[in-house]
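Colleague:
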Amino acid sequence: MDDNNDIDKIQIKIQIITKFLNELKDIEDNLQQKSTQSLIEICQYLAIDNPIILWLPNRIKCENYVDLYIHLICTRSKLQEKKFNIEKQQIKLWNENLNSHEQQDQLENHFYQYLNLQYDKQNMNEINTWKITSESNFDLKNQHYLHHIDSSVNQQGSKSEDFSENDIKYISLMTLNLKSVPCTSSIFFQQIHKYREEPSIKSIISNKAQKFTIIHPNGESKTYLWKNENFCEKLQILFNEKKYDHDLFVVVNKNEIFIDFTKNNYRSSSDPSLLEYYIIEKQYLIQIQIHFRSNISEYFTTSKCKISTIIHHFIDEKQLESLSSDRILCFFDEFGKCIDDGIINDLCKTHHKTVSIFVTEEISNANILYELALHYNEDQNQMMSLFYSTTKWQQINLWLKTLLHIIDPSVDDYMFLIREKKTILDNDQSILSTFDQTESMIIDIINRNIVTKVQFTFETNNYSIYALKSTKISSLLNNENIFKYLNLTDLSFDDCLLVVKGNNEHILTKDDLQKSIDTYSITENEPIHFQIMTLVQITKYDDEEQIKVPLLNRNITIEELLHLTEKSMDVYKYLATNDTKRILDSNEKLSNLNKTKFILIKENEMCLVLIKKSNDLQPIHVTEEENEKYQRFIVCATIADVNKENQQDILHQYLLYSNDIVPSTDIQLITFQSESLIQFIAIDQNLPITVTIKNTEVNKSIQFNCRLSITIKRLYEIACQLFCLKREYYCLIMNETTLDDDDVCLEDIDENMTEVQLKIISKASIHCSIMYDNQTVILPCHKDTIIMIIVKETMEKLHISEDNINMYELIALDDDQTQIDFDLSVDDILGSFSTGSTTISFELKKKNI
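Take 195 as the starting number for the sequence shown in the numbering used here and just add one per residue.
(1) Put K1040 into one of helix, strand or coil per three-state DSSP.
(2) According to DSSP, is N698 helix, strand or coil?
(3) Measuring only the C-alpha atoms, how far is Y657 from I365?
(4) Beta carbon of N216, beta carbon of L240: below 8 Å?
(5) Report yes if the CB atom of C377 is closer than 8 Å to the CB atom of E556, and no otherwise.
(6) How should L468 be labelled, buried or exposed, when 16 other C-beta atoms within 10 angstroms of its C-beta is the threshold for buried?
(7) Spatial neighbours of D1015 within its chain, please: CB distance less than 8 Å, with the 5 preceding and 5 following residues excluded, ordered by chain position.
(8) Leaving out five residues on either side along the sequence, give the residues of the same chain with a beta carbon under 7 Å from the beta carbon of K894.
(9) Could you name the residues that DSSP lists as bridge partners for E555?
(10) Round the Cβ separation of E614 and I636 to the nearest angstrom and send it over; I've been treating them as touching at under 8 Å.
(11) When the Cα of A770 is compared with those of F433, M800, L1038, I473, which residue comes out closest?
(12) Pick from L784, E633, I1005, K783: whose alpha carbon is nearest that of K272?
(13) Pull up the DSSP beta-bridge partners for C939, would you.
(14) Tell me the rounded alpha-carbon separation between D1009 and V971.
(15) Is it buried or exposed for W587, if we count other Cβ within 10 angstroms and need 16 for buried?
(16) Return the first residue and the last residue of the alpha helix (DSSP H) that T212 is part of.
(17) Figure out for me which residue from N840, Y923, D1021, E492 has the closest Cα to the Cα of A958.
(18) On the DSSP letters alone, give me the boundaries of the beta strand (DSSP E) that L1044 sits inside.
(19) Compare the Cα-Cα distances from I551 to each of E839, K531, F866 and report the closest residue.
(20) Just verifying my parser: in three-state terms, what is the DSSP assignment at S1028?
(21) Rank N591, S604, H485 by C-alpha distance to the C-alpha of V553 and give the top, closest one.
(22) Can you give me the C-alpha to C-alpha distance between L746 and V375, rounded to a whole angstrom?
(23) Would you identify the three-state DSSP class for N655, choosing helix, strand or coil?
(24) What does the alpha-carbon distance come out to for the pair V446 and Q483?
(25) On the three-state DSSP scale, how would you describe I601?
(26) Taking only three categories from DSSP, how would you classify K991?
(27) By the three-class DSSP mapping on this structure, what secondary structure does Y364 have?
(28) Contact between the stretch 377-391 and the stretch 436-452: three or more CB pairs below 8 Å?
(29) DSSP three-state call for N621: helix, strand or coil?
(30) Throw me the rounded Cβ distance for the F827 and R776 pair, which I believe falls under 8 Å.
(31) For Y660, which residues in the same chain have their Cβ closer than 6 Å to its Cβ, ignoring the five residues on either side in sequence?
(32) When you compare only the Cα positions, how much space is there between I242 and V892?
(33) Who are the Cβ neighbours of K761 in its own chain at under 8 Å, not counting the five residues just before and after it?
(34) If you run the structure through DSSP and keep just helix, strand and coil, what is E676?
(35) Leaving out five residues on either side along the sequence, give the residues of the same chain with a beta carbon under 6 Å from the beta carbon of A403.
(36) Is T751 near E720, with beta carbons less than 8 Å apart?
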């Protein structure tokens, strides 16, 4: 499939490959068990429908599964790379139209090193909040959105985007481009990793006197010659001499890290460049809490202390240099945002005297970071940040509120919406749980005021989601998670009814479903509560009347469900499944069936089936009773329905009837109903000869398999039985030759045959055509055939009980529309029709009582 660099076509290819990879993974056990068999055949057998199967050569076996899997992954990666390059080129062309001054902003971005390896390192610490033009996969081509400027939203001179797709309408205040990246994307993490791996220089404690420089609170600098071992004692004396209150003043080293000289166990560094200390007011200290594993390490620094310095101090103290070289330490703030080098003041929040740093230990190449490109204002300026995978959207929300130069002060709270899926994220969700396997994701940042919480209840299960107040209820129900978390995955919304809870509780109509969610809001900021009911749909087999039964709880028996149909249980005694036509036991629980569609039937509309396993398929030590399975089906059920109900392997198991034929799967059970019990034997090999018999009267064919030893007589009996024909009126034809020797078998005709084509034709000189409703039954007859027999045979074919024969009348479709007495013969009424007529037309009607 040539894509011609069309992104949509490339994406379709990626999706096809991903779907096939998932399907291969699901059937991995089967592939291992059938290693020598054709991979294509196994996929077809397991009903895997994927275009890739058509492209595979037949020689590929199941044992080649792993090689194929790897090849497909590589192919997908190449396609993803190709798609990325095309998108990048398109974005580049778009960016060339932007104002030229943005090029300078791009060079000054704090995170541009992630995009440009030639980033100038000397600029790293000069500016805190820089901006660049968009280099991410911003969705410029998406035709589902209508972008325009909303003048009513004034966000410090910025302009928001109004999105509309069907009934999903909202204003996007800002957008986030989200993509997964490895730990090594952080330059700061790499620098810390390099520090860990560099050989550490052990501090040598000198016994000789050293010069210590002490800077006093008033700025006065004095140098003292002290021995290292007396350092703490000398500081204590100095504090006493200067009358410095220990509750008001403290000592920090040149790196702005607090030293507790009162414990008398501090040893100064031998490095002359570090023998400088400051006496400062205690109020300027900031508490640093570093969370690592299950421990918290506490330090005190000034706001000017470099972040890298305190982290180096932490690594040295905890001896983390010994960690494996393939492990990297990652550092995050309280928002889950990756920390960059700077000063402690960068991490401080207003009026907060404690800074928390969270440390994780990761594999170097692990993709546990997410790059968030925040687009804001009318020029779509961009701010790049890295976040940890477990960061929750509530943390992102709090982080946004710290960006005072960007945010709109009139917005109290933010919510996040996945643009492609139109779903709003719960604040307790993590980035990792949000992100799927796509390369990137666009998140729209919206005002919390346009969002409401919606609660769904089904039986004992509850599930809540956030949605735009303007969303139609019908659109909200497209959220697959609702049915998943309510344990309704086996149902669709067509199988359900929706009830709005509250003072005006009622079932929602189709018109109600087109209303916005906010229509049913009772109290501001309170969840809107909907209850889901199961809608059981029952069809009467005799007249196709539709019965709908709404249920709050599926924990009822089939017998209880029958009562709810409000039909006479003396007449309509059974319910059958809609898919396999199996009659359900009265004590079966509806909740165990995972079905909502059933068929209501009478006693005469069912048949009893017995399936035995052949000796070859019987497990050892299984009793005869355990080997027999009795089931009831509607008479219209086919062999395919029986196979499906019993989960028969249709490629390797077959149902043998009367010990001599294997009927095709489209044959209905009603054709075997001459017996009170329809018996089959499950066998693992089909019979060798395929027989097709065509009934020329109704232009229908039946097919079954048999052995070469089968006789013409038996073939004739089978044909009459499966077509529901009377034997005296028909004969078998093969190659325009009548087969009238009952003792001849197929082997006598051709011992090498594997297929046989036969016809069954009528020998009768007269036929009756009986019309009932929209159905027509054609029956062969003789002149002396009694009309009562014609009527009974017609009712049998129409599945009408003979017990009700007195409720019907037969009308001859002659010029006078004559009512026919059932005691007459065919010969008695031939005179009412034109001379030479071979077909007599009737209409069967219900009497007007």
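Cβ coordinates follow ideal geometry from the N, Cα and C atoms, glycine included.
Modeller: So, from the data block:
(1) strand
(2) coil
(3) 26 Å
(4) no
(5) yes
(6) exposed
(7) I981
(8) none
(9) L523
(10) 7 Å
(11) M800
(12) E633
(13) T905
(14) 21 Å
(15) buried
(16) 201-220
(17) Y923
(18) Because the chain spans 195 through 1043 in this model, residue 1044 falls outside it and cannot be assessed.
(19) K531
(20) coil
(21) H485
(22) 47 Å
(23) strand
(24) 17 Å
(25) coil
(26) helix
(27) strand
(28) no
(29) coil
(30) 6 Å
(31) I618, V645, K647
(32) 36 Å
(33) K734, I741, L794
(34) It should be noted that the sequence gives Ile, not Glu, for residue 676. DSSP places I676 in helix when its eight states are reduced to three.
(35) L419, K421
(36) no
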